[in-house]
Structures are given as C-alpha cells and as structure tokens.
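Read through the structure below, which is laid out as structure tokens, and then see the notes.
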C-alpha cells in the first residue's frame with residue numbers, strides 16, 4: 001500500500017502490531033548466544049508445531065526445510081532482517097526518527113550475526129549447499145558484506161546456470177514413482193532440461209525473483225529459466241494441463257490448488273516492461289522505466305494502473321534498432337532507461353532526444369541512456 005499507492009494510513013494504523021511482532025523476534029534473538037532467532041521462537045506443544053519456523057518449501061526434488069534444520073534457521077533470520085529493513089522504511093515514511101534509529105541499528109547487528117553464523121568462508125557461500133535461495137536472500141537483505149558481494153554473486157550465477165540432474169530431481173519428487181493415480185500422465189525423461197532453472201520452493205521463489213529482477217537485474221537468466229516447457233518450470237505446468245497453482249513443481253503433490261509460485265507475474269511488468277517504483281518515492285509520483293530486451297523476444301507491451309493514471313511501457317526491437325513507447329501520467333515524472341550508448345543515435349518522436357520537450361538527458365549507464373521525463377507520451381528510437 002505504501003510503496004505502490006503512497007497510502008500512509010494503512011501502515012500507520014498497523015504500526016503498533018508491527019512493533020509487537022518485531023519485539024517478539026528481538027526478545028528471542030537476545031536470548032541466543034549468536035544473536036539470531038531460533039526455532040524455540042514459538043513455544044507450542046501442538047502437533048502443528050512442526051510447521052512453525054520452516055524455511056523454503058518443496059523445492060525441486062521435494063526438498064523441504066524443516067524447523068530444526070540450519071537451512072530453516074538461515075531462511076527465517078533473513079526473513080527477520082527483511083522485516084527490519086521494511087520497518088525502517090515505514091518508520092521513515094511516518095517520520096518516526098527514533099524508530100528509524102532503533103530498527104536500523106538492530107538490522108545492522110542482525111546482519112553481522114547472520115553472516116558470522118552461516119557464512120562458509122572456504123566456499124564463499126552460506127551453509128554448505130550453494131542453493132539459490134541461500135545466496136539470494138543474504139544478498140537481498142544486505143547480510144553480505146560489500147567486499148564479498150562479487151564472490152557471492154558468482155556463486156549464485158553458478159548455482160543458476162551449471163548443469164544439474166533435473167531428471168533425478170523429478171524422479172525424487174513425491175508421487176513420481178511410476179504412474180500417479182492423481183494424474184493422467186507418468187514421468188518422462190524428456191520433461192527435464194539442464195539449467196538455468198529455478199531451484200527454489202514456494203517460499204524461496206519470491207525472494208529469488210525480487211533479487212534477480214530489482215537488484216541483480218538478471219532478466220536474461222530468468223528468461224532462460226522461464227521460457228521452457230520442461231521440469232521444473234511454469235511451462236511444465238502448462239504442458240501438463242494444469243489450470244490451478246500446485247504446491248510443488250512436480251505438480252503431483254497433495255495439493256494441486258495452492259497460492260504457490262504466483263510471484264512470477266511481477267517479472268513481466270518489472271523485468272520485461274521495466275516499470276518499477278523508485279526507492280525514493282512512494283505511490284508512483286516518480287518511478288522507473290527500465291525495460292529488458294532478452295532472449296528471442298521481439299516485443300513486449302506492459303502497463304499498470306497507478307494513483308495518477310495508467311503507466312505504459314511498450315517496446316519492440318529488430319533491424320538494428322529498439323523502439324520504446326512510454327506513457328507517463330499527469331503530475332508524475334520518470335527515470336527512463338533506453339538501450340544504447342550514444343545519445344546521437346537516439347530520437348524521440350522523430351527528433352533528437354537530447355532536444356525533446358519534457359526530456360532531460362542524465363547519463364550513460366551500462367549500455368543504456370538514462371533520461372528524466374515529465375508527464376506525457378514519448379516515442380524513443382535507439383539505433384545500434
């Protein structure tokens with residue numbers, strides 16, 4: 001609500017409950033010698049307690065991180081760090097300066113504690129698994145010290161792109177031993193394919209997607225993982241005739257109607273279309289358009305509603321040029337990234353982009369020309 005609509009009322013009303021939740025986590029971490037939260041956070045004798053404090057859930061091969069595992073401990077402590085990070089931003093938006101100091105201080109200490117407890121210095125990974133979520137989550141939450149970010153990024157890239165026995169993961173998936181009475185098909189080796197693929201479960205997927213889309217901007221890697229019809233992936237669901245979201249990638253789990261794996265929808269808008277909120281503004285008063293031309297895609301049309309009106313980012317490429325049609329609502333501005341490296345090769349509505357009304361050229365950044373634009377409709381063309 002705050003980030004996308006700029007509505008402070010909702011977070012202001014819920015703020016006392018946020019505080020209570022974070023005090024519960026802080027009290028638990030304070031009892032730990034390592035300064036991290038532990039599975040005894042929830043004291044319950046209920047048989048349901050086995051579900052408390054679990055980590056990532058049903059990654060390929062039906063891997064589950066139970067509450068007493070180091071994987072679950074890392075996942076939940078990164079979740080705590082993410083909560084503190086969000087709370088710091090909310091406190092700043094509500095002008096609660098003392099709380100900004102309180103929660104940012106706790107966040108800094110927690111980051112250090114997580115890194116000290118879970119970092120594997122010998123392998124430049126967290127824990128001993130080199131799983132995607134165990135690398136992406138520390139990166140997303142700022143747990144990784146700045147000097148180690150290149151090494152952890154390299155480990156994440158290897159984890160996403162190195163060959164993996166996906167056929168073995170499919171065979172290990174619950175319910176895939178022979179014909180499954182729930183389904184009308186049996187496993188086939190042709191359904192598997194080498195990386196890149198999403199080696200995360202339903203809890204880890206939004207973490208990985210948020211980091212890859214908004215921070216690392218590895219949309220080319222994501223495209224390679226998503227644009228296939230083999231296990232594990234979204235095309236695999238479609239090829240098998242799934243009409244609801246299952247609980248696991250194997251599509252043969254106990255539940256075949258779960259709200260799992262839905263986070264991919266954001267990729268089309270934020271990654272391919274490049275429409276994203278600006279970290280310094282709420283409610284799209286100022287926002288970012290940074291489209292990604294990936295793989296064999298020749299065009300993309302994306303739009304979202306905003307409090308000011310629709311935001312549109314449509315692009316197409318071919319014949320040595322990229323065309324970008326954007327619509328910026330009234331009373332807003334946007335930072336726009338146009339493919340290219342030479343301002344002289346970019347036009348807007350047929351004239352030099354440098355001289356276009358409502359357009360201000362800022363800089364060249366990573367093979368993109370960066371502009372700030374006022375409200376209006378623009379037609380950028382960039383020639384290679």
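Numbering (our numbering), first residue to last: 1 to 384. For each residue, glycine too, the CB sits at the ideal point set by N, CA and C. Just so it is clear, the structure is predicted and the values come from calculations on it, not from any experiment.
query: Burial state of residue 318 (16 or more Cβ within 10 Å); result: exposed
query: Start-end ranges of the beta strand (DSSP E) lying completely within the region 206-272, minimum 3 residues; result: none
query: For residue 118, the three-state DSSP class (helix, strand or coil); result: helix
query: Local conformation of residue 286 per DSSP, three classes; result: strand
query: The region 256-275 touching the region 311-329, judged by at least three CB pairs closer than 8 Å; result: yes
query: Rounded straight-line distance, which links the Cα of residue 13 to that of residue 140; result: 27 Å
query: Between the CA atoms of residue 34 and residue 155 - distance to the nearest angstrom; result: 25 Å
query: Contacts around residue 115, its chain only, beta-carbon distance under 6 Å, and the 5 residues preceding and following it disregarded; result: 143
query: Integer-rounded CB distance, given that residue 326 should sit under 8 Å from residue 284; result: Actually they do not touch by this definition, with Cβ atoms about 13 Å apart.
query: Inter-residue spacing [alpha-carbon to alpha-carbon] between residue 147 and residue 330; result: 42 Å
query: Where residue 281 sits in the DSSP three-state scheme; result: coil
query: Cβ shell of residue 162 (< 7 Å), same chain only, five flanking positions each side left out; result: 195
query: Where the beta strand (DSSP E) through residue 303 begins and ends; result: 299-304
query: The region 208-215 contacting the region 232-246, beta-carbon criterion three pairs below 8 Å; result: no
query: Sub-9 Å separation of residue 338 and residue 382 beta-carbons; result: yes
query: Secondary structure of residue 66, DSSP reduced to three states; result: coil
query: Strand pairing of residue 21, partner residues [DSSP]; result: None, per the DSSP bridge assignment.
query: Close Cβ partners of residue 288 (< 6 Å) along its chain, the five nearest in sequence each way excluded; result: 276, 278, 335
query: When 304, 293, 39, 372 are compared against residue 320, the one with the closest alpha-carbon; result: 293
query: Opposing strand residues paired with residue 313 [DSSP bridges]; result: 302, 326
query: Candidates 236, 29, 4: closest to residue 60 by CA position; result: 236
query: Collapsed DSSP secondary structure at residue 204 in the structure displayed; result: helix
query: Cβ-Cβ separation, residue 94 to residue 15 (assumed contact under 8 Å), whole Å; result: 7 Å
query: Identity of the residues DSSP links to residue 351 by a beta bridge; result: 348
query: Residue from 138, 52, 96, 132 whose Cα sits closest to the Cα of residue 79; result: 138
query: Range of the contiguous alpha helix (DSSP H) that encloses residue 149; result: 149-161
query: Where the alpha helix (DSSP H) containing residue 136 begins and where it ends; result: 132-140
query: Beta carbon of residue 373 nearer than 9 Å to that of residue 343; result: no
query: Reduced DSSP category for residue 71 - H, G, I as helix; E, B as strand; rest coil; result: helix
query: Candidates 353, 309, 68, 206: closest to residue 332 by CA position; result: 309
query: Close-in-space but distant-in-sequence residues of the same chain around residue 81 (CB under 8 Å, 5 per side omitted); result: 107, 110, 111, 114, 141, 142, 143
query: Residues that residue 276 bridges to, as DSSP identifies them; result: 288
query: For residue 62 and residue 250, believed in contact at Cβ under 8 Å, the rounded distance; result: 7 Å
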